[in-house]
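Notes follow the structure.
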Amino acid sequence: MYTYPVLSNGQVDELHLRNSRTKFIISNLYDSIQGLHKSLAKSPRSECQRANFCSNSTLSNTLRDLFLNFHNSARLRVAKGIEPNKTGLLNPAKNMYKLEWDCGLEHKAQKAIASCPSTTTPIPRTAQNLMQIMYQGNVAIDVGANIKSTLSRWWDAAVMFGVTDPENRYTDLLYNFANMVFSETTKIGCAHQTCRTDYATYISVTCLYNAIAYVDNQRLWETGSACTNHSQCTTHPNSFCSGGLCVKGAAVSETNKMCPSNAGMTDSVRMAFVNLQNTFRSSLARGLEPDGLGGKAPKASKMLRMVYDCSIEASAMRSARKCIFAHSKDSERPGLGENLFMTTFLNFDKIKTAEQASQKWWNELKEFGIGPENRLTMALWKRRGKKIGHYTQMAWDTSYKLGCAVVACPNFTFGVCQYGPKGNHINGQIYTVGKPCTGCPHSCNNTEGLCIVV
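Note that UniProt numbering numbers the sequence shown so that position 301 is 301, with each residue one more than the last.
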């Protein structure tokens, strides 16, 4: 028998090429783990989780339970802090969500492996694990046994390669494990398919997940304690705690009350942009942000608190809808600065886009640095391979009006933010250095260190 675990890039998974699976025996945890398995298996499940909810003759109720229970048992062990890492144990997890079975994902999974492929199928807003297994000759297949071994191989990446980042961040070697453990994921759908030729028998096993884990430096879970009450489940609205795992409640309807005349954005996405960028500006104003050239960036005496502006959003939307990853002309956005972001994930979640864009722009400070002069010189502006302009526009203290847009383009997801009044004036001071709030023209939020403009 020959097996070929497949990563997202189509390469053979190094994990299975090892001659034997690394075994960890932690005898003092055995009884605890077995007890967790039993308690999880007995816990009530919602309609979406019931194995007989989907009409698909290819996948039995028993196999649906196998897929779902393996994932949730493993996620619970991580949350409880009893799951082996390559060295020691994985960090325990707060806000670890329980997966529900999703018939739509199951249908997509079945369609994706109809021909027993060896590579994944791009599906917007969806992560995929895939394993193709080949047997020589025309042989009978034990589907359940192959599914069990596949799930174990995906999960074993943690003990084989290790989750070494202290904040549990993603690395490429953790691809399959990452999709299984990502704490924000709430839905799963899996499938299997057997194909035969004159010389071989193939079985493909796949699982689809409703959140994408394999983003560079993304935190797979937040270290903390498994939930014991409903108030500790905060990633998704209306969540509650069930036996150490959080359960996502009914979805909250999206609103468009902030800028009702603008289509394509929701209030939650708008607030994600403005809140995160104000959080960064607050940290900078209080002297807490590391500078890549050494030390911390200086404090700011009159850093203005950003407000969201609907007319600027409309301008950003016009630019984003062109789906051209290039800055718009100054004449198209008079008096406004502009930051751009793209990801090749299609139709990517807009709140995730807001978070990743803002973080990537701001990271230029700690990656490349500005220095104590805190001035945007031509030398800084033209540094090869160390562009700093996204950060400086975000940090420009007089740029306090913000409007953003996220658009699903044919080949990528495009994020655009525009700022008014425009910053990034060559040889200009990025912000006035001094004790927070001492230079505010009006009032100030002393806790944030930000000046209140409106």
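We treat Cβ as the ideally placed atom computed from N, Cα and C, and that holds for glycine. Since the structure is predicted, the reported quantities are computational estimates derived from the model, not experimental observations.
The UniProt domain "SCP" (268-427) is shown to contain whole beta strand (DSSP E) runs of 3 or more residues at 337-343, 401-408 and 413-420, in chain order. Secondary structure of K148 (DSSP, three-state): helix. F240 carries a strand assignment under DSSP once its states are collapsed to helix, strand and coil.
Taking the CA atoms as reference points, M96 sits about 46 Å from G428.
Each of T194, D165 and Y202 was checked against the Cα of E222, and the nearest Cα belongs to D165. Contact check for Y170 and V215: beta-carbon distance about 6 Å, within the 8 Å limit, so the pair qualifies. Pairing N229 with S115, the inter-Cα distance amounts to about 45 Å.
DSSP places Y135 in the uninterrupted beta strand (DSSP E) bounded by A127 to Q136.
Contact between the stretch 361-371 and the stretch 434-451 is absent: fewer than three C-beta pairs spanning the two stretches fall below 8 Å. In the displayed model, V433 falls within a strand according to three-state DSSP. Residue pairing for I188: DSSP places it in a beta bridge opposite W101 and Y209. Taking C-alpha positions only, I430 is separated from A395 by approximately 7 Å. Between Q418 and A314, the C-beta spacing is not below 7 Å. Looking at the DSSP output, K94 bridges to E222.
Under DSSP, the beta-bridge partners assigned to I203 are I133 and T194.
Pairwise C-beta distances place the stretch 110-129 out of contact with the stretch 137-144, as fewer than three of them are shorter than 8 Å. The stretch 178-192 makes contact with the stretch 59-74: 3 or more CB pairs, one atom from each, lie closer than 8 Å.
Take G249, set aside five residues on each side of it, and the residues of its chain with a beta-carbon closer than 6 Å to its own are N238 and S239, in chain order. Annotated three-state conformation of L245 is strand, per DSSP.
DSSP places S60 outside both helix and strand once states are collapsed to three, so it counts as coil.
Annotation for C310: M258, C259, S261, N262 and G403 place their beta carbon closer than 8 Å to its own, counting only its chain and skipping 5 residues before and after. With contacts defined as CB atoms closer than 7 Å, N129 and I203 fail to qualify as a contacting pair.
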